[in-house]
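Let me begin by presenting the structure, written as structure tokens, before commenting on it.
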Amino acid sequence: MRRKWLHCSCINLLLFIPICWVPLLLYLRLGSQTGGEANLRLVGFKTRDGFSPLNEARRVGIHAGRGGGARRHNAKSLGSIPESIAGKIGPLVGRDFHRADDADTKWRELDLAKGKDMHGNEPDVVRLTVSRKLRRKPENLENENVRKSYSTRTFGSPEKNGTLELHLLGEKRGHLTDAEKIPLSVYGNGTLPFRQTGYRWRDDGPGESGKPVYLSPKEQQVANATFSINQFNLLVSHQIALNRTLPDVRPPRCRILRYPKNLPTTSVIIVFHNEAWSTLLRTVTSVINRSSRELVKEIVLVDDASEPKFDWLQKPLEKYVAGLPVSVKVERLKSRQGIVAARHLGVSVSKGEVLTFLDSHCECTKGWLEPLLERIARDRTRVTSPVIDSISDTTFEYSAAPGLPLIGGFSWLPEFTWTGVPLREQRRVNYDIHLPLRTPTMAGGLFAIHRDFFRRLGGYDTGMRIWGGENLQLSFKVWQCGGSLEIVPCSHVGHVFRSTTPYDFPEGAETTVLRNNRRFLEVWADAYTREVLYAMTPAYRGVDYGDVSGEIALRDRLGCKGFQWYLDAVYPEHTLPLKFSVLGAIKNLGVNMCLDGIASRKDGRRDVDIDAALELCQGSGPGQVFAYNSRNQLQHDRQCLTAVEGTKAAQLRFCIGDEARNANQRWVYNSKGMTIVNVSTKNCLDVKPSEADDDIFLATMNECDGALSQQWTMHNITIRGFS
Numbered sequence: 003m004r005r006k007w008l009h010c011s012c013i014n015l016l017l018f019i020p021i022c023w024v025p026l027l028l029y030l031r032l033g034s035q036t037g038g039e040a041n042l043r044l045v046g047f048k049t050r051d052g053f054s055p056l057n058e059a060r061r062v063g064i065h066a067g068r069g070g071g072a073r074r075h076n077a078k079s080l081g082s083i084p085e086s087i088a089g090k091i092g093p094l095v096g097r098d099f100h101r102a103d104d105a106d107t108k109w110r111e112l113d114l115a116k117g118k119d120m121h122g123n124e125p126d127v128v129r130l131t132v133s134r135k136l137r138r139k140p141e142n143l144e145n146e147n148v149r150k151s152y153s154t155r156t157f158g159s160p161e162k163n164g165t166l167e168l169h170l171l172g173e174k175r176g177h178l179t180d181a182e183k184i185p186l187s188v189y190g191n192g193t194l195p196f197r198q199t200g201y202r203w204r205d206d207g208p209g210e211s212g213k214p215v216y217l218s219p220k221e222q223q224v225a226n227a228t229f230s231i232n233q234f235n236l237l238v239s240h241q242i243a244l245n246r247t248l249p250d251v252r253p254p255r256c257r258i259l260r261y262p263k264n265l266p267t268t269s270v271i272i273v274f275h276n277e278a279w280s281t282l283l284r285t286v287t288s289v290i291n292r293s294s295r296e297l298v299k300e301i302v303l304v305d306d307a308s309e310p311k312f313d314w315l316q317k318p319l320e321k322y323v324a325g326l327p328v329s330v331k332v333e334r335l336k337s338r339q340g341i342v343a344a345r346h347l348g349v350s351v352s353k354g355e356v357l358t359f360l361d362s363h364c365e366c367t368k369g370w371l372e373p374l375l376e377r378i379a380r381d382r383t384r385v386t387s388p389v390i391d392s393i394s395d396t397t398f399e400y401s402a403a404p405g406l407p408l409i410g411g412f413s414w415l416p417e418f419t420w421t422g423v424p425l426r427e428q429r430r431v432n433y434d435i436h437l438p439l440r441t442p443t444m445a446g447g448l449f450a451i452h453r454d455f456f457r458r459l460g461g462y463d464t465g466m467r468i469w470g471g472e473n474l475q476l477s478f479k480v481w482q483c484g485g486s487l488e489i490v491p492c493s494h495v496g497h498v499f500r501s502t503t504p505y506d507f508p509e510g511a512e513t514t515v516l517r518n519n520r521r522f523l524e525v526w527a528d529a530y531t532r533e534v535l536y537a538m539t540p541a542y543r544g545v546d547y548g549d550v551s552g553e554i555a556l557r558d559r560l561g562c563k564g565f566q567w568y569l570d571a572v573y574p575e576h577t578l579p580l581k582f583s584v585l586g587a588i589k590n591l592g593v594n595m596c597l598d599g600i601a602s603r604k605d606g607r608r609d610v611d612i613d614a615a616l617e618l619c620q621g622s623g624p625g626q627v628f629a630y631n632s633r634n635q636l637q638h639d640r641q642c643l644t645a646v647e648g649t650k651a652a653q654l655r656f657c658i659g660d661e662a663r664n665a666n667q668r669w670v671y672n673s674k675g676m677t678i679v680n681v682s683t684k685n686c687l688d689v690k691p692s693e694a695d696d697d698i699f700l701a702t703m704n705e706c707d708g709a710l711s712q713q714w715t716m717h718n719i720t721i722r723g724f725s
């Protein structure tokens with residue numbers, strides 16, 4: 003009886019299963035397809051086993067993001083998505099692409115898996131989830147038709163009503179690959195329409211992996227005509243996805259380091275003025291996608307009074323950032339005040355323990371943030387900078403130099419310069435390319451500092467205007483008041499380096515820079531150094547630098563060290579001509595012209611071996627100031643006059659301090675015969691006409707014959723108050 007009952011039960015169960023499952027299978031098969039009104043939800047993430055629901059997701063990407071392990075999986079399963087639709091959108095989902103909607107776009111935070119004590123460099127990022135009302139038949143979802151249907155829409159202008167913001171369409175691996183066609187007639191007045199003629203997504207899109215982008219001749223004409231707006235190639239920038247991939251350029255050991263879980267949080271502060279849409283949002287996107295979520299408290303965008311014609315920086319920007327998975331604030335100055343006031347505004351509204359400052363045309367790479375914060379967590383008086391890699395202003399190629407990075411110094415003006423790592427610092431880190439390097443100065447655009455230390459130092463000098471000198475002011479203040487500056491090789495951030503600034507200086511660029519420089523020199527340099535610099539650049543004496551008594555009082559209250567301590571302990575490799583036999587112009591009696599360091603690089607080249615040139619004597623100005631130093635070198639800033647062995651050339655090359663190797667840089671001045679003789683070649687310094695420029699002569703080497711062209715006078719400038 004029992005066996006018969008079990009037999010009947012099994013038969014009934016087998017008959018009952020189809021009754022329950024057939025409707026469900028039909029539902030999964032057909033979904034809620036009602037013509038063009040189906041709700042399509044592509045929510046989840048790809049795994050080795052297919053398409054997983056959202057609530058199982060862990061490390062995934064945001065709409066403009068990359069990262070995580072999803073790229074390594076080749077899943078094709080569309081889970082419960084109806085086949086009739088899945089067949090059309092399969093290529094999109096197979097590429098880990100999620101569509102956004104112009105009316106219904108929402109962010110959903112994920113319950114991210116976190117380690118208990120340590121975390122690596124992988125960012126925790128979230129994925130855009132979408133519920134879209136289809137207004138077309140499912141067959142219109144093919145990739146090519148999607149591209150065509152959006153080809154005539156515009157975005158980015160507040161005058162456009164109901165337009166689709168195409169920059170929201172790319173999710174994690176969505177790529178903008180076709181050029182934004184920018185009409186010259188429109189772009190000529192500074193208005194950027196953001197018009198798309200094509201929109202597709204592919205892994206080998208323009209600029210992917212940091213590769214350069216090259217234009218057709220017709221496109222290059224447009225790029226050339228619009229280059230001056232931001233002093234970089236706008237057409238190329240707008241072709242590149244906001245979330246483009248970049249190579250991992252960190253030293254090998256940096257890629258496996260793990261950092262304490264309790265690192266301090268940071269507020270990322272980005273100041274912009276008339277910035278291009280694509281570069282600004284590529285900066286923001288890279289911060290979000292390549293930073294651990296728990297570390298970024300917020301991103302603060304500060305608009306330093308961008309002009310109204312750059313309308314995409316107004317409401318469109320606020321609308322865009324409102325949908326991002328990290329809190330993004332947009333603060334605005336009512337009038338142009340410059341980087342100091344703008345950054346101070348950003349600090350005042352921020353909440354993170356650490357302040358991380360970035361320029362508005364950067365791209366952060368994988369693992370960039372943790373190394374900066376970890377060094378500050380160990381010592382709050384450290385100010386950390388990433389290795390700043392170059393992004394080409396013409397092709398947007400991402401370039402990272404191998405080996406040790408450059409560190410910061412300063413020139414005779416003074417202005418910030420890059421310089422090689424001295425041997426003493428290489429020895430200090432035991433020649434380890436992974437360890438942080440101490441740097442005398444920082445470039446100032448990209449760095450992190452603890453909020454409490456920044457407040458203790460009084461921040462920037464609020465009397466500085468617009469731009470220039472604030473990086474040196476803060477560098478001197480940090481070192482002299484008990485802190486230190488480091489460049490961290492495990493952190494890399496790309497920066498678009500421009501040959502000139504596109505911004506206006508209300509008081510003029512030269513006056514503004516001289517004023518800002520004089521302010522920090524009056525506070526942080528000693529009297530003798532100041533007088534030497536003012537003697538070399540007399541224009542300093544005529545500039546109104548305002549009141550610096552507050553900064554001096556702060557320096558005294560903090561008990562900061564003197565400038566000579568800084569030069570001896572922090573920057574002994576400096577090139578300041580504080581010890582010299584002669585400091586001034588070197589004039590040739592044959593052509594009545596003076597050696598000129600600036601004329602020597604009229605072609606724009608710097609820090610390379612260049613022929614020394616002569617130009618009409620000016621009587622003042624740093625270009626014609628040379629120091630006949632204690633090593634008998636004729637020095638102009640970091641370069642020394644060098645007799646090139648085997649030729650007659652006399653060039654400006656980097657000064658060599660080792661006397662065993664610098665004989666061709668040492669000169670003997672015969673005041674009686676007025677000749678300048680090279681120690682190595684025994685030849686006399688002479689001149690010859692320049693074949694490239696009728697206005698200048700070039701220095702050369704010839705056998706000493708007493709010719710007038712071999713006679714020189716050295717003129718000492720007056721150092722006020724010092725003999």
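Adding 2 to a residue's 1-based position in the sequence shown gives its number in this note's numbering.
Beta carbons are placed, not taken as given, at the ideal position from N, Cα and C, and that holds for glycine.
Every value quoted in this text rests on a predicted model; they were computed, and no experiment measured them.
State the DSSP-derived secondary structure class of residue i, mapped to helix, strand or coil.
i	result
T513	helix
Q475	helix
A307	coil
W370	coil
H275	coil
P262	strand
V525	helix
C619	coil
N235	coil
S350	helix
N226	helix
T649	coil
Would residue i and residue j be called neighbours here (beta carbons separated by less than 8 Å)?
i	j	result
P2	S622	Here the chain comprises residues numbered 3 to 725, so residue 2 is not present and cannot be evaluated.
L710	L591	yes
C596	Q626	yes
G1	R246	Lying outside 3 to 725, the shown extent of the chain, residue 1 is not represented and no answer is given.
I489	P438	yes
A645	M703	yes
E376	L265	yes
I719	A601	no
F478	F507	no
V349	E472	no
Leaving out the 5 sequence neighbours to the left and right, which residues in its chain are closer than 6 Å to residue i when beta-carbon positions are compared?
i	result
V679	V670 and C686
L283	L244
T358	T268, V270 and A450
H169	Because H169 carries a pLDDT of 32, less than 50, the predicted location of this residue cannot be relied on, and the following value inherits that uncertainty. Counting only Cβ-Cβ distances below 6 Å, and skipping sequence neighbours, we find nothing.
T281	S239 and H363
Y216	none
L535	none
S392	S401 and F499
Less than 8 Å between C-beta atoms, sequence neighbours within five positions excluded: which residues of the same chain meet that for residue i?
i	result
H346	G461, Y462 and T464
G659	R633
N631	P579, K581, F582, S583 and Q637
P253	I435, H436, P491 and C492
Under 8 Å by Cβ, that's how I've got residue i and residue j pegged, so tell me the actual separation to the nearest angstrom.
i	j	result
P1	N519	Because the chain in this structure spans residues 3 to 725, residue 1 falls outside the shown range and cannot be described.
T531	L487	With 8 Å as the limit, T531 and L487 do not qualify as a contact, their Cβ atoms being about 20 Å apart.
K331	L374	With a Cβ gap of about 21 Å, K331 and L374 do not count as contacting.
V495	W414	29 Å between Cβ atoms; not a contact.
T396	N235	5 Å
Y400	G212	3 Å
L643	V689	Wrong, their Cβ atoms sit about 13 Å apart, outside the cutoff.
Grab me the residues of residue i's own chain with a C-beta within less than 7 Å of its C-beta, minus the 5 sequence neighbours each way, in chain order.
i	result
S337	A307
G564	D528
D609	Caution applies to D609, whose pLDDT of 48 falls short of 50 and renders its modelled position unreliable; the value that the coordinates give is listed next. No residues qualify anywhere along the chain.
E427	L439 and R440
Taking 7 Å as the cut-off, is the beta-carbon of residue i closer than that to any non-hydrogen atom of the ligand ADP?
i	result
P508	Inclusion of the ligand ADP in the displayed structure is not the case, the ligand content being empty and no account of it being possible.
| said: At 4 residues or longer, what runs of the alpha helix (DSSP H) sit wholly inside the stretch 383-451? | reply: 425-430
| message | Just to confirm the assignment: which complete alpha helix (DSSP H) runs, minimum length 4, are found wholly within the stretch 279-338? | response | 279-291 and 317-324
| said: For a minimum of 3 consecutive residues, which ranges assigned as the beta strand (DSSP E) are wholly contained in the stretch 564-606? | reply: 582-586, 588-590 and 595-598
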